[in-house]
Amino acid sequence: VRFANGKLRRPDSLRFTAYRNRDTAHPRKRHRRILVSETERLCYVGHNFGSEVMKCNSLCRYFVGVLDKNSGQMEVYNAEIFNMQPLLSGGRCWGSQLLRCFVLLIPALFPWHGVRAIPSLLHAERDSRTGKHKTMAVERAVGFVFCGMLGCCNVWFSAVQMDLCIEAFGTSKQKRALSSRRMNAVGSDIVSTAVTKAAANVIDAKGVTALMQDMAQDDVQNISAFLPPCHEDADRPEHVYKFEDILSPAEYEALRVPAAALASVTAEEMAKRAEERSHCSFVLEELKFLPTDEKSRDHKARCLWFLDTLIRFSQLKVIKKKHPMGPECPHIISRKLMKNFTSLTYNNGSIQNLISASMKAKITAYVIVLALHINNFQTDLTVLQNDMKLPESRILDIAKALRLRVSKAKGVPGLEDDQNHKLGTLSLPLPMQKAPEGQRKRRKMN
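As structure tokens, then:
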């Protein structure tokens, strides 16, 4: 859980109550939960459904790992994050909503004090034989029935009525909590007025445009962690993503020896490599257009060799060898690949290097930027997509995160789907950075 109004100082002082939906057959409602937390000062409520639910639970999965130090094995459990909101006095009590469609997963709070004074917690169910509603009391939630006719499920209890019950029949601990709640009570109208005034002050101070830009920047913050450094104030396209951020001078110098074979490749060797598919399609196509100038030819050969290495490295899953790209790969390049493009994972008592989906997205971003430097800041994204074995939507999302302008173009004849290629162009001024639109709707099949 996380608390909306601050951080928790004493986790051991919390008491939690969990509720689940009664309708266990419904595919959506059976997963609905409400979590209630009670402290000495306030009560907090969190749920995993509705319009105010946190989006992080639907966008990704959370797990809790428990490591057994004796056996060295880790057990992984599914987890879900609840955002706990404080329950302020004067509002509608959450308990009445629970009574209609939720079942208490632990015993109720009130002990039995007789049937004459304590209001009962009621719920209504439909009798499967007669089709009529019948009123039942929640287990151990004792009470006095306010209404004996149909529709008692609509009975609502205010926070004031619950407080009166605690005053008359609650334990000393509950009475202390009630006293603390009343001392810290804040009217909902006061909160609404304060929030509205604060929001108006912020809008007047920064302006709507600046606030929208800040929101867009927050949305893309997670994506930017996997992109090369972007210099938005650059005056030329080659300075937006600097070549030194892709390959340092020491790494670039280490590529001189392995890239020499590409720089001196002949037409016969090129045809043989194309037949054997020893390189990716992008590299094989660019080898046909190596410059005649020796310095430019060497530079392009080094870039192509490193790009081909990145693409082949992205096809791996778990790195088990010390030199996964072979002995011809320089040590400084191998160390760069392991450090920057893999994540550590714990498996079978040892730590392994794993190329996760996020790391593959990072490799894709660096491949696109390197291809832009090779092709005068315009590259065929469809060719790179086929080489990286990615869906089109994935590489287009990464290209848009890199602030590229995407357009349709005709591909090189002979390549797969050469009539419908996507072209990525880096030009100034950079387009506005936007967050990804998320999962696209599936097309209905008739």
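Heads up: the sequence shown begins at 670 in the working numbering, then just goes up one per residue. Ideal Cβ positions, reconstructed from N, Cα and C, are used throughout, including at glycine. Please read these numbers as outputs of a predicted model, since none were measured by experiment.
query	result
Opening and closing residue of the alpha helix (DSSP H) in which H968 lies	963-983
Meets three-Cβ-pair contact criterion under 8 Å: the stretch 964-972 and the stretch 1038-1057	yes
Neighbourhood of L767 by C-beta distance below 7 Å, restricted to the same chain and skipping five residues each side	Its pLDDT being 48, under 50, L767 is placed unreliably by the model, and nothing is read from it.
Residues near L979 by beta carbon distance below 7 Å, same chain, minus five either side	I1032, Y1035, V1036
Cα-Cα separation between A894 and T1051, rounded to whole angstroms	24 Å
Secondary structure of Q742, DSSP reduced to three states	coil
Segment contact flag, the stretch 980-988 with the stretch 998-1016, C-beta cutoff 8 Å, min 3 pairs	yes
Backbone CA spacing between V1075 and C899 [nearest angstrom]	18 Å
T686 versus K1079, M753, G734, residue with shortest Cα-Cα distance	M753
A932 and D967 closer than 9 Å at C-beta	yes
F1178 - partner residues in DSSP beta bridges	Not covered by the structure: residue 1178. The range shown for the chain is 670 to 1115.
Residue from G734, A846, V670 whose Cα sits closest to the Cα of Y746	G734
Distance, L924 Cα to A930 Cα	11 Å
Residue of S1062, I1001, N1045 minimising C-alpha distance to F912	N1045
Per DSSP, cross-strand counterpart(s) of N1022	I988, L1013
Collapsed DSSP secondary structure at K1091 in the structure displayed	strand
Between the CA atoms of S727 and S1027 - distance to the nearest angstrom	17 Å
S1003 versus R691: straight-line alpha-carbon distance, rounded	56 Å
Inter-residue spacing [alpha-carbon to alpha-carbon] between A868 and F838	43 Å
L1073 beta carbon less than 9 Å from that of L1097	no
Three-state class that DSSP yields for F895 in the structure shown	coil
Residues that DSSP places opposite S841 in a beta bridge	In the DSSP output, where bridge partners are listed per residue, S841 has none listed.
Inter-residue spacing [alpha-carbon to alpha-carbon] between D1049 and K1091	6 Å
Burial state of E901, where buried means 16 or more other Cβ atoms lie within 10 Å	exposed
Segment contact, 8 Å Cβ cut-off, at least three pairs: the stretch 844-853 with the stretch 702-720	yes
Burial state of P999 (16 or more Cβ within 10 Å)	buried
N1055 in three-state terms, based on DSSP	helix
Buried/exposed call for C834, threshold 16 Cβ in 10 Å	buried
Under the three-state DSSP convention, the category L1065 falls into	helix
Through-space distance from A1068 to E1061, alpha-carbon basis	11 Å
Continuous beta strand (DSSP E) stretch holding V735: start and end	731-736
Spatial neighbours of Y731 in its chain, beta-carbon cut-off 7 Å, leaving aside the 5 residues before and after	A748, E749, I750
As assigned by DSSP and simplified to three states, the class of A748	strand
Buried/exposed call for W781, threshold 16 Cβ in 10 Å	At W781 the pLDDT is 36, less than 50, meaning the model places this residue with poor confidence; the figure from the coordinates comes in the next sentence. Flag for W781 reads exposed.
Chain-order list of residues whose beta-carbon lies under 8 Å from that of R1065 (same chain, five-residue window excluded)	It is Leu, not Arg, that sits at residue 1065 in the sequence shown. Contacts found: L1050, V1075, K1091.
Anticipated Cβ contact below 8 Å, P755 with N674, distance rounded	6 Å
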